Amino acid sequence: MLAMPSYHALAAMVLTVAVFYLFARGKMSTEIVSLGTIAVIAVGLYFYPLPDTLPTDGFALAFGGFGHYALITICALMIMGRGLVVTGALDPVSRALERVWKVNTQLGLFVSLGIAMGLSMIVNDTPVLVLLLPIFVALAQRGAMPASKTLIPINAAVLIGGMATTIGTSTNLLVVGIAVDLGMPQMSVFHYTPIVLAAGLVAFPYLWLVMPRLLPDNSPDKDHVERRFFAKLRVTELSGLVGKHFDEIVDTLPEDFRFEERPTGPFEAGQRMMISGTHSGLENAMRLLRGPVAPAWVIDRIQSEGKARGEDIEVVEMIVTGDSRLIGRTLASSNIADHYGVAVLGIHRPAKPLAEDRGNVDADVRLAEGDVLLVMGLGDGLEAFTAGDGLLRLEGAREMPRRSKALIAAAIMFGSVAFASAGLVPIAISALAGAILMFVTGCVKFDRVGRALSGKVIVLVAASIAIGRIVLDSGAAMWLGEALALGLQHLPPAGVIAAIMLFVTVLTNFASNATAATVGTPIAFNLATQLGMPQEPLVLAVLFGCNLCYATPIAYQTNMLIMAEGRYSFADYLRTGVPLVLIMVTTLSILLAISYGM
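As numbered in the working numbering, the sequence shown has no gaps in its residue numbers, which increase by one up to the final residue, 607.
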């Protein structure tokens with residue numbers, strides 16, 4: 010006979026269901042629901058403390074998530090990811106993948122999912138996603154599939170791969186360790202890999218073809234047509250164009266860039282060619298062609314001053330207003346570089362295409378109200394230019410990558426991943442050390458750290474940790490396990506395995522992997538004895554269930570890491586994750602029953 014749950018356990022279950030409903034409904038912001046959850050736990054435990062605890066002990070449980078190692082790890086990983094982005098450290102990798110994506114987007118996603126799944130079999134899930142996340146964000150910025158359509162599938166592939174070996178995740182090691190302590194033989198690294206790979210093959214078409222269609226396009230400006238800026242490309246002696254014909258380089262150019270005029274013969278040093286492209290297109294073209302679109306002395310001065318002052322170089326868009334002194338002047342006659350130390354890279358003219366003006370764009374084109382200038386410079390120079398010449402600064406400023414720090418940022422990231430993957434130190438320690446090194450070496454500016462962190466993710470992590478603690482400490486998890494054991498007596502073996510896996514999956518998606526492993530493993534071990542079933546398949550059902558954390562953002566730290574970059578809502582995880590959970594539970598249960606002759 011199953012005893013009634015305690016009042017605390019009942020309250021914990023009600024709170025978990027209520028929080029899930031509010032997250033899934035999406036009417037209230039994630040931040041408000043998360044902070045409200047923490048407040049309810051803190052106030053509730055103050056007036057109705059758990060047995061043998063003081064009223065103030067509830068504060069440590071409710072607010073402990075803000076100092077929890079999992080939150081520190083996630084924040085540190087976000088900072089290291091920021092370091093890779095602002096230094097351009099992963100640009101070569103993203104460009105290599107970009108070539109695959111250009112052949113065909115479906116092929117690109119297929120290859121990417123395979124890489125993610127394969128890497129996570131031998132490297133811990135979190136470092137793998139940390140390495141892949143900025144790559145796919147960069148790919149999205151270059152015109153590949155939007156990040157919001159790729160990050161959840163990539164994360165799911167990483168989680169499936171991590172499930173396949175005992176070293177794939179720390180949760181796998183925890184389940185195996187508990188099972189060994191209870192008397193089960195030690196499992197080898199690849200003990201159950203064939204089962205997971207077979208299930209992964211069944212789920213792969215869903216990840217590849219269906220999941221991206223279920224996700225929204227959350228690109229920041231998906232409805233905005235990017236401005237096309239016109240400029241003069243200067244062919245220098247160091248340029249990769251010298252001596253080449255136009256047809257030799259046309260296939261290497263970015264899609265959002267083009268030459269408005271072409272030479273009759275090979276390119277020669279000293280030529281100036283009319284070009285046009287989007288903001289990112291011009292930047293990529295300058296990098297590939299090694300030719301400036303503004304006087305070289307201005308760009309050199311900006312770069313040297315930025316390095317000396319330790320400041321980031323920015324590229325911003327500015328609109329010429331009706332009272333600007335620039336109206337009717339040309340870039341050459343306005344002496345912008347001399348006055349403010351900034352460089353105008355290009356001009357966008359909304360009223361009529363600038364391409365009709367075939368003269369020297371930075372000498373002959375007279376500026377008019379409404380023209381948009383693409384300007385590069387340091388912060389104080391850009392501010393002075395805005396105020397002094399009557400310009401309006403638009404949204405969409407970009408920092409120029411600090412490429413001199415790229416190798417340092419890459420070394421820090423890969424070093425942190427290597428130390429964690431080899432088991433020399435926990436991921437929390439290696440990630441925190443990596444974040445500190447990013448600050449010390451200047452790869453990430455401390456005053457810009459807010460751009461790397463997401464407030465929504467921070468409070469969501471803290472709330473999920475508090476929910477996990479209250480579910481475990483109140484006895485709610487143990488009561489649910491006992492109720493499960495009573496209801497499984499009459500099910501076939503595959504049904505028992507599926508039920509245990511689903512129970513653990515629910516725990517891992519709403520509490521934590523550690524809670525699910527700690528509660529689920531002893532229950533599975535004892536249940537096997539009571540039902541006369543082999544212990545290993547039931548323990549593996551727990552291990553697999555702990556890894557089926559696709560349905561909520563609070564289920565695993567990698568889910569949190571992609572939330573801000575993909576601009577995901579709780580409902581996005583639920584809509585795509587529940588079908589994947591059902592596919593994996595069904596497939597894994599059948600495979601376990603067949604493999605163990607049950």
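Where is the CB? At the ideal position from N, CA and C, for every residue including glycine.
Note that this is a predicted model, so its numbers are computed, not measured.
C-alpha gap between P203 and F56, whole angstroms
52 Å
Are V184 and A526 touching if we call contact CB-CB under 7 Å?
yes
Is it buried or exposed for M178, if we count other Cβ within 10 angstroms and need 16 for buried?
Before going further, note that residue 178 is Thr rather than Met in the sequence given. Buried, since its Cβ has 16 or more Cβ neighbours within 10 Å.
Taking the CB atoms as reference points, tell me whether V505 and L497 lie closer together than 7 Å.
yes
Beta-carbon within less than 8 Å of H233's beta-carbon, same chain only, minus the 5 sequence neighbours each way: which residues are those?
With a pLDDT of only 49 at H233, under the threshold of 50, the placement of this residue in the model should not be trusted; the figure read from the coordinates follows. Once the five neighbours on either side are set aside, H233 has no close Cβ partner at all.
Please look up how many angstroms separate the CB atoms of M283 and F239, rounded, as I've assumed it's under 8 Å.
7 Å
Pick from G350, F266, T561 and V23: whose alpha carbon is nearest that of G3?
Since the first residue of the chain shown is 10 and the last is 607, residue 3 is not available in this structure.
Return helix, strand or coil for K36, following the three-state DSSP convention.
coil
How would you call Y16, buried or exposed, if buried means at least 16 neighbouring beta carbons within 10 angstroms?
exposed
Which residues mark the beginning and the end of the alpha helix (DSSP H) in which F512 is found?
P502 to F519
Where V329 and L570 are concerned, what is the direct C-alpha to C-alpha distance, given to the nearest angstrom?
39 Å
Check the DSSP bridge columns for F276 and list the partner residues they point to.
V251
Label G575 either buried or exposed according to how many other C-beta atoms from any shown protein chain fall within 10 Å of its C-beta, with 16 as the threshold for buried.
buried
Under the three-state DSSP convention, the category H233 falls into:
Confidence is the limiting factor: at H233 the pLDDT is only 49, short of 50, which leaves the residue's position unreliable, though a coordinate-based value still follows. Here H233 sits in coil by DSSP.
Quick one: Cα of F266 to Cα of L206, how far?
43 Å
Cα-Cα separation between Q115 and T82, rounded to whole angstroms
33 Å
Going by DSSP, what residue range makes up the beta strand (DSSP E) through E326?
E323 to V329
Have a look at T561, V211, A21 and I50 and flag the residue whose alpha-carbon is nearest the alpha-carbon of F72.
I50
Who are the near neighbours of L3 in its chain, counting only those whose CB is closer than 7 Å to its CB and skipping five residues on each side?
One cannot answer for residue 3 here, as it falls past the ends of the chain, which runs 10 to 607.
State the Cα-Cα distance for the pair G606 and L552, rounded to the nearest angstrom.
19 Å
For A294 and A48, I'd like the C-alpha separation in whole angstroms.
52 Å
Exposure of V513, with buried meaning 16 or more beta-carbon neighbours within 10 Å
buried
Flag this pair as yes or no: are the beta carbons of V353 and L382 separated by less than 7 Å?
yes
Excluding five sequence neighbours on each side, which residues of the same chain lie with their C-beta closer than 6 Å to the C-beta of T585?
I161, M220 and L223
N-terminal and C-terminal residue of the alpha helix (DSSP H) that S197 is part of
Counting along the chain, S197 falls outside any alpha helix (DSSP H), and DSSP gives it neither H nor E.
DSSP puts M282 in a beta bridge; with which residues?
L242
Can the beta-carbon of G74 be found less than 7 Å from the beta-carbon of A485?
no
Between F276 and G315, which are expected to be in contact by the criterion C-beta below 8 Å, what is the C-beta distance as a whole number of angstroms?
Contact flag wrong, Cβ pair sits at about 30 Å.
Less than 7 Å between the beta carbons of A560 and Y582, yes or no?
yes
Taking all protein chains shown into account, do 16 or more other C-beta atoms lie within 10 angstroms of the C-beta of L363, making it buried, or fewer, making it exposed?
Confidence is the limiting factor: at L363 the pLDDT is only 44, short of 50, which leaves the residue's position unreliable, though a coordinate-based value still follows. So L363 ends up on the buried side.
Looking at the strands, I want to know which residues DSSP matches up with A352.
M385
Could you round the C-beta distance between M89 and I421 to whole angstroms and report it? I think they count as a contact, below 8 Å.
7 Å
So A212 and M593 are supposed to be a Cβ contact under 8 Å. How far apart are they, rounded?
6 Å
Candidates M447, F145, L168 and A166, of which the one nearest S157 by Cα:
F145
Starting from F268, follow its DSSP beta bridges and name the residues at the other end.
I284
Beta-carbon gap between T39 and L469 smaller than 7 Å:
yes
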